[in-house]
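Residue numbers (the numbering used here): 1 to 448.
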C-alpha cells in the first residue's frame, strides 16, 4: 500500500562491510521516487535501494552528504504486471568493484552512474541505524506496489541463485525459497505469510520489523501473479490508480474506460467490482469487459462499434453493447454496491450480479443455453483476440471510483466481509459460480 512501510533499528553487524539485499517486487505506480529498502539517520547520512522518478533502479550510500557508492541503471523498469527479482550485494572489504546488481537473475552492467565504495569505506547499510522496508525514512519515498520475500543478509555476499532459479521449461526466472543462506546478526527474511504479523522475521534471528500504515497481505506472489488494472494503458483515460492498481478513479474531463493487465481467451472467469464513489449527483458508472481501451477521450464502455465492449450501466441497469445499443437487463446500482462479473468464454456469455444476486435471473452454469446471459462476440472473431476486465464512466464533467477484487479479498483497503464459497484459494465477497475461477497465472495455465 502506498502509505505503508516496515522499520527496525538494527544492532551490531556480523560484518559491516558485507551485505546482500534480495526483494521480489511488483510495481503499481510509476514515475516517482519509491524506496524498496532505506536507511535514514538524517539528510546527510543515508542509504537506499529504490526506483527513481525515471523508473530506473538506483542504490546508493551517503556519508556526510557525499557518495560512498552510487549506482543507477540505464535500463528502465516499467512493468506493472510481472514481478521483478532485485538482488544487490556488496563487499567493500575487497575494494573496487564490490557492488553488484542483478534483476531476474541477470547482472546489470550498463549504468547511468557507477560510483563505487573504496576499500573499507564507512557506509549506512548494515549499521546500528533505523532500516526501512518500503520507504527511505518514515513516511518518505514510500514504495507503491507489492513486495514478497524480502531478505537482508549481514556479513555475506549471496548469489541470486539462492533466491531464484531459471525454469527448465520456460526459461523464466522464478522464485525459490532462500536456501543455504547464513543471515548474520542483522539478517532479516520477511515472507509476509502471517497476515496478523507481516513484519515477522523468518531468518531465525527474531529481527521482527514494525508495520506502519495500511499494510495489507496479498495473494499476489511471484509464483502466482493476480490480475490488476493496467496503469500503463491510460493515455486517453487519464485515470488515477491506487491500492496496488486495484482502485481506479476516472478523470473529470473524459468519459472512457480502463482495462486489466491479464487478457482472457478461453475458460470461465469471475471477479468483483465495488462502486466506491462518484463526484456528482449523476450515476454514470459502467462495469464490464472490452478487448482493449479506447482511442478517444469521449467513448464510453459499450458505445464503440469497432471493437467488442460491453458495459453494465449503473443509472438504468441496462447493458450497452458495442455501438451503444442497450439491452434491458437488471437493476440499477449505486455507490456501495458490489457487481460480480462472470465471463464464460467457452460459450461467449456474460453475466452480472448485484450484491450476490445474478441479474436477469442469470445462471452462469447454464453453459451454451446462456440463461439470463448477455451474448458477446466470440474470441476468434475479435480484432485484438482477447477480453479484459473494464470499467469507466459516462460523464464529461464527473468521475467515478471503482475498486476491483480479482481474488485478493480486498476492495481498496477494506477486506471483504466474509468469503463466499468456490473461491479455490482466492477470496471473494460472494459465492463464485461453479467452474469459474479468479484471474491469475496459475488458473490461466490450468483453465485458460
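For each residue, glycine too, the CB sits at the ideal point set by N, CA and C. Please read these numbers as outputs of a predicted model, since none were measured by experiment.
Report the rounded CA-to-CA distance for residue i versus residue j, giving the unit in angstroms.
{"i": "residue 163", "j": "residue 324", "result": "51 Å"}
{"i": "residue 290", "j": "residue 429", "result": "24 Å"}
{"i": "residue 346", "j": "residue 386", "result": "13 Å"}
{"i": "residue 406", "j": "residue 426", "result": "8 Å"}
{"i": "residue 181", "j": "residue 145", "result": "26 Å"}
{"i": "residue 251", "j": "residue 231", "result": "13 Å"}
{"i": "residue 160", "j": "residue 284", "result": "49 Å"}
{"i": "residue 18", "j": "residue 52", "result": "24 Å"}
{"i": "residue 117", "j": "residue 84", "result": "26 Å"}
{"i": "residue 418", "j": "residue 110", "result": "49 Å"}
{"i": "residue 380", "j": "residue 264", "result": "12 Å"}
{"i": "residue 54", "j": "residue 32", "result": "7 Å"}
{"i": "residue 198", "j": "residue 217", "result": "7 Å"}
{"i": "residue 219", "j": "residue 193", "result": "9 Å"}
{"i": "residue 305", "j": "residue 87", "result": "47 Å"}
{"i": "residue 312", "j": "residue 36", "result": "39 Å"}
{"i": "residue 446", "j": "residue 376", "result": "23 Å"}
Tell me the DSSP secondary structure of residue i in three-state form.
{"i": "residue 443", "result": "helix"}
{"i": "residue 160", "result": "helix"}
{"i": "residue 309", "result": "strand"}
{"i": "residue 360", "result": "helix"}
{"i": "residue 380", "result": "helix"}
{"i": "residue 60", "result": "strand"}
{"i": "residue 68", "result": "strand"}
{"i": "residue 425", "result": "coil"}
{"i": "residue 172", "result": "coil"}
{"i": "residue 83", "result": "coil"}
{"i": "residue 390", "result": "strand"}
{"i": "residue 417", "result": "coil"}
{"i": "residue 225", "result": "coil"}
{"i": "residue 141", "result": "coil"}
Check the C-beta distance from residue i over to residue j and give it rounded, since I have them as a contact under 8 Å.
{"i": "residue 7", "j": "residue 138", "result": "7 Å"}
{"i": "residue 258", "j": "residue 229", "result": "6 Å"}
{"i": "residue 238", "j": "residue 224", "result": "That pair is no contact at about 31 Å."}
{"i": "residue 270", "j": "residue 373", "result": "Going by Cβ atoms, the distance from residue 270 to residue 373 rounds to 14 Å, so no, they are not a contact pair."}
Tell me whether residue i is buried or exposed, calling it buried when 16 or more other Cβ atoms sit within 10 Å of its Cβ.
{"i": "residue 98", "result": "buried"}
{"i": "residue 384", "result": "exposed"}
{"i": "residue 370", "result": "buried"}
{"i": "residue 67", "result": "exposed"}
{"i": "residue 34", "result": "buried"}
{"i": "residue 61", "result": "buried"}
{"i": "residue 235", "result": "exposed"}
Can you tell me where the beta strand (DSSP E) with residue i in it begins and where it stops?
{"i": "residue 367", "result": "It is not in any beta strand (DSSP E) - residue 367 carries neither H nor E in the DSSP assignment."}
{"i": "residue 286", "result": "285-290"}
{"i": "residue 152", "result": "145-154"}
{"i": "residue 249", "result": "247-249"}
{"i": "residue 263", "result": "No beta strand (DSSP E) holds residue 263; DSSP gives it neither H nor E."}
{"i": "residue 349", "result": "349-354"}
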